[in-house]
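Just so you know, the protein sequences line up as chains A and B, in that order.
Heads up: the first sequence begins at 129 in the working numbering, then just goes up one per residue.
Heads up: the second sequence begins at 1226 in the working numbering, then just goes up one per residue.
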Amino acid sequence: MAQTYLKKIDLASKAECRNRRKIRLILLILTIAGSLFEITEYKVRWAEDFNYNYAYLPTSGNQPSFDGFLGIFLMFVAAACGLFAVHGVFSDLTSKQVSDVQLSLPMSAKDRFLSKLLAVFKLHLLPMMIGGAAVIVIGSAVQNGFDCMGYIVRFQLVTFACALFVDAISIFCISCCGAKAEGIYTSIITGCCVTFTPILLVNLTTNRFSGVSNTLISFKKPFTLFGGMVISWAEKEYFINASAYVEGILYIIGNIIASCLLIFATYFIYRRRDGRQVGKPIVYGLFLELFMLWGLISLFTIVFFTGGWLIGLTISAIICIVIRIVLARAKITPVHFLAWVLKYAAALALFIVVVAAAYFTGGFGCYKLRPHIYQEGITTFQVETSERPNGKYRCFQSVCNVSSADADDQATAVSPDELREKYEEINALIDDHYTLSDRSLKGFLYVLSTTNMVGVSSETENSVRVTVTHSDVKDVDSGDYYNLSFWVNDEQLQQLNERAGSILQEIEYYER
Amino acid sequence: MIEIKDVTMRFDKNKGDKERFTAVDHVSIEIPDSCIYGFLGSNGAGKSTLMRLMCGVYPCSEGSIKIDGREVFNDPEAKGKIFFVNDETIQYSTYTLKDLKNYYKSYYPEFSDEVFDRLTAKLSLPQNKRMSQFSKGMKRQAVVVAALSCKTKYIMLDEAFDGLDPAMRKIIKTMIVDELMDRNAAMIVSSHNVAEINELCDRAMLIHQGHLIFANEIDEIKSSFCKVQTALSGKVMTKEMAEQAGLNIMQFSTMGSVAQMIARGSADECIAKLRSLSPILLEAVPLTLEEIFIYELEVRGYGADILKED
């Protein structure tokens, strides 16, 4: 019984694939060419041969990399072309003639959905998987780099995750639209918004308004890195750092699971569709409103970062109205127009409320994030203060090397307890001087009207920067893992300088 | 048997429309096995919508459609018994005949290669040409051949003979009837060509603005309407007089002293009723299906405004 059912789904998917010859050919050409170029561009070298000028890279062991660009580019183009494969296969949702044929076939909505998914898999994902596997096996064999093939495996997983993401978003959007044009442009816009908006918005509301920039914990916020942002895990640095590598693989798999879940959720939308909705630009009003809201929030976020509110708001309003006009196939009345303007205003108001909440709560409480012992090794604490307007600059620093008890540099050697104590002192310093007392409505309006994210004028306030840097036992720099910037008044600055001087050693001082 | 019980189909209102559009309004008909059923109706009457409801493209807003006792919407087994050929062929443009065969073969386990090959050979349809290069008539032929090859119990053709020349119409119709008779299948066909329905079908229904006007065997339909010519001695016959005599008049006109009327009922019944007026002329002849179509719609005001302007 199950076998007959699967055979039925398979036969239906074959029928779909046979009728998408053009897109299949295009995808095959892109995938084959991309794979061939990736194989030739894949290089494995002994680290000493080329790592001498990169302090953060290990100096021994096989190091893999992609030397060229074309192969990667073609593979990502093939991943993006999933959009057209999906829109071809799911044309029963947008074409009256095709829906008449396909909806009258002896299949339930579930059968149809499964057969179409299988068709998309065969048309788009399978060639990419085969191409990726070929790159892994042939590339590693040619370069004799099986010992470091984890890098190339992860790279191919990233490509696959991107392709799956494109398919998932396209299937979701086409299931909510009844016209081809709407299906395509909503897929593209939604894909971009899903990829970029969360990370921009989180960066804006938490990092900027809290003043805390923690480069290591940013990887642990996977919701900010969904969709196309999976590409960021293709960078070589995350291969070399073992913990980041594992984290990366988990994140990529998480992305793949998220895309699969989106496809699963879309089934419940698809099965509600029938011939009546074919031809309607957008089938579900809720989808339209969420799409417009998310699109506008994305535009506002970009405008916020660039600071050009007048131009930005005008352009976003024009884009919004144009999309509404295109979608409203019926007669447009002044009431419609007024409703659109009000919805636009509501989206803007919502954005400003969220930004204001982030501003007044110090990035939704993220200003309370403090550095903690990351791992044993060399920890450098640094406090820099700049007094305005006279420009007096002071820098306090302390290096604590827990692992150097037997090493040459005894001056920086500390015990784990001493290191913990240092952390506690620095955290107490921050707690005492970094409060949100400087946040005011005037400051918020200043944030809105300028690209200054902190809300105080650098002409009148003094800046403080606390940095904690970590290096491992081999002295390989992991970069700043904790970075905090905040503003204090003259009185606070004086107290802070005195206290920093008692905790750390002053290493630099100058006046303009 | 296909049972259509009290089926209503409403479409959601578009922006700007105040009310939902009712395409089919409480229609009930039964389509028995092994018959050829004609769907007649004005443009936009709801024929194609009803066909889409019958093959599960649309769900019914109210009522039910059952094929051999199974609700058709979203039921693969019920849908496997019916094949729908819609009024367009553009969806097959990129197919060759081989593709078309393989496509339907994937969905209908009973698909007959033998029937497909035999009929395409009979119609001399090119096997390896894309259907976009076919003439309109050839496309229609190809789809009808595919429909027959699927060997479903019911085949629905929505204006399927459009675009065919008279000779080809006859060939296709003969081909369909032969194939259907061989396996006791039923065909439901919609057409504006009433003569064609009259010639091909043994049952028919008329639908107008979503409402069912009649549904019966064609002979029964034809015998339930008649055209009467009558003249009275010394006075002119009026519509009121005819109605008082018990006639259900659909249309009435006079030319001199001779009155001509279209009435519901058989010719014998009408003659019997009018005899009470002692006419000097009394003739009654059954109507053709085309005349019934025109008069029934005329009674309902179809095209009346345009005719008045003319």
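Beta carbons: idealized from backbone N, C-alpha and C, even for Gly.
All values reported here derive from a predicted model rather than from experimental measurement.
Does V1369(B) get closer than 9 Å to chain A when you measure Cβ to Cβ?
No, no contact with chain A.
Through-space distance from Y562(A) to A556(A), alpha-carbon basis:
A direct Cα-to-Cα measurement between A556(A) and Y562(A) gives close to 10 Å.
Which residue comes first and which comes last in the alpha helix (DSSP H) that contains G278(A)?
Run containing G278(A): G278 to C304, per the alpha helix (DSSP H) assignment.
Listing by chain order, which chain A residues have their CB less than 8 Å from the CB of K1354(B)?
Here the premise fails: no neighbours, minimum Cβ distance about 15 Å.
Per-residue burial, I1261(B) [other beta carbons within 10 Å of its own, 16 or more giving buried]:
Classification for I1261(B): buried.
According to DSSP, which residues form a beta bridge with P1511(B)?
DSSP lists C1451(B) as the beta-bridge partner residues of P1511(B).
Going by beta carbon distance, what residues of the same chain come within less than 7 Å of I558(A), once the five residues before and after it are set aside?
Apart from the 5 residues on each side of it in sequence, I558(A) sits with its Cβ closer than 7 Å to the Cβ of R498, V594 and L612 in its chain, given in chain order.
Assuming E375(A) contacts S243(A) under a Cβ cut-off of 8 Å, what Cβ separation, rounded to an integer in Å, is found between them?
That belief does not hold up - the Cβ atoms of E375(A) and S243(A) are roughly 37 Å apart, past 8 Å.
For the beta strand (DSSP E) that contains M1381(B), what are its first and last residues?
Y1379 to D1383 is the span of the beta strand (DSSP E), which, as asked, contains M1381(B).
Do the CB positions of A1270(B) and Y1317(B) come within less than 9 Å of each other?
Cβ distance not < 9 Å, so A1270(B) and Y1317(B) don't count as in contact.
Coil, strand or helix - C528(A) by DSSP:
In the three-state scheme derived from DSSP, where H, G and I count as helix and E and B as strand, C528(A) is classed as strand.
Quick one: which chain A residues come within Cβ less than 8 Å of Q1316(B)?
Using a Cβ-Cβ cut-off of 8 Å, Q1316(B) is close to S223, Q225, V226, D228 and V229 of chain A, given in chain order.
Identified DSSP bridge partners for S514(A)
Within the DSSP secondary-structure output, S514(A) pairs in a beta bridge with Y521(A) and S591(A).
When the Cα of L254(A) is compared with those of G440(A), K238(A), A206(A) and Q225(A), which residue comes out closest?
When only C-alpha atoms are compared, the closest one is A206(A).
Check whether the Cβ atoms of I506(A) and V527(A) lie closer than 9 Å to each other.
Yes, the Cβ-Cβ distance between I506(A) and V527(A) is below 9 Å.
Around the C-beta of V1232(B), are 16 or more other C-beta atoms found within 10 angstroms, so that it is buried, or is it exposed?
V1232(B) comes out buried.
Counting along the chain, where does the alpha helix (DSSP H) carrying D239(A) start and finish?
Element bounds for D239(A): A237 to V248.
What residue range is occupied by the uninterrupted alpha helix (DSSP H) comprising L1325(B)?
For L1325(B), the enclosing alpha helix (DSSP H) begins and ends at L1322 to Y1332.
Mind checking whether K224(A) and G413(A) have CB atoms under 9 Å apart?
The beta carbons of K224(A) and G413(A) sit no closer together than 9 Å.
Using alpha carbons as the reference points, say which of F1336(B), I1517(B) and Y1332(B) lies closest to N1423(B).
The shortest C-alpha to C-alpha distance from N1423(B) to any of F1336(B), I1517(B) and Y1332(B) is the one to I1517(B).
I need the straight-line Cα distance from F197(A) to V322(A), nearest angstrom please.
Between F197(A) and V322(A), the C-alpha separation is close to 25 Å.
List the DSSP bridge partners of G273(A).
For G273(A), no pairing in a beta bridge is given by DSSP.
What's the call for V1402(B), buried or exposed, on a 16-neighbour Cβ count within 10 Å?
With fewer than 16 other CB atoms across the displayed protein chains lying within 10 angstroms of its CB, V1402(B) is exposed.
Using a Cβ-Cβ cut-off of less than 7 Å, give me the residues of the stretch 1395 to 1418 of chain B that come near chain A, in sequence order.
So nothing in the stretch comes that close.
Between F1309(B) and C1280(B), what straight-line distance do the alpha-carbon atoms span, to the nearest angstrom?
The alpha-carbon separation between F1309(B) and C1280(B) amounts to approximately 7 Å.
Can you tell me where the beta strand (DSSP E) holding T434(A) begins and where it ends?
Looking at the DSSP string, T434(A) is not in any beta strand (DSSP E); the run it does join, the alpha helix (DSSP H), is G413 to T434.
Tell me whether the beta-carbon of I385(A) lies closer than 9 Å to the beta-carbon of L455(A).
No. Outside cutoff.
For D239(A), would you say it is in contact with chain B, using Cβ-to-Cβ distances shorter than 9 Å as the test?
Yes, its Cβ sits closer than 9 Å to a Cβ of chain B.
Beta carbons nearer than 9 Å to chain A: which residues of the stretch 1293 to 1306 of chain B have them?
Flagged, chain order: F1298, N1299, D1300, P1301, E1302, A1303, K1304, G1305 and K1306.
Do you know offhand how far E1540(B)'s Cα is from N1311(B)'s?
Only positions 1226 to 1535 of chain B appear in the structure, and residue 1540(B) is not among them; the question remains open.
Rank N331(A), L466(A) and F524(A) by C-alpha distance to the C-alpha of F432(A) and give the top, closest one.
Selected option, being the one with the closest Cα: N331(A).
Pair within 9 Å by beta-carbon distance, G216(A) and I151(A)
Less than 9 Å separates the beta-carbon of G216(A) from that of I151(A).
Return the residue from the list I1496(B), K1326(B) and I1380(B) that minimises the CA-CA distance to L1350(B).
Of the listed residues, the one whose Cα sits closest to L1350(B) is K1326(B).
Would you kindly check if the distance between the Cβ of I397(A) and the Cβ of C304(A) is under 9 Å?
Yes, Cβ-Cβ distance for C304(A) and I397(A) is below 9 Å.
Give every residue of the same chain whose Cβ lies closer than 7 Å to the Cβ of T1455(B), excluding the five residues on either side of it in the sequence, and list them in chain order.
Result list for T1455(B): M1462, A1484, L1499, P1504, L1506 and L1507, in chain order.
Neighbouring residues, chain A, relative to S1331(B) (Cβ below 7 Å)
Chain order gives the chain A residues near S1331(B) as L139, A140, K142 and A143, where near means a beta carbon separation below 7 Å.
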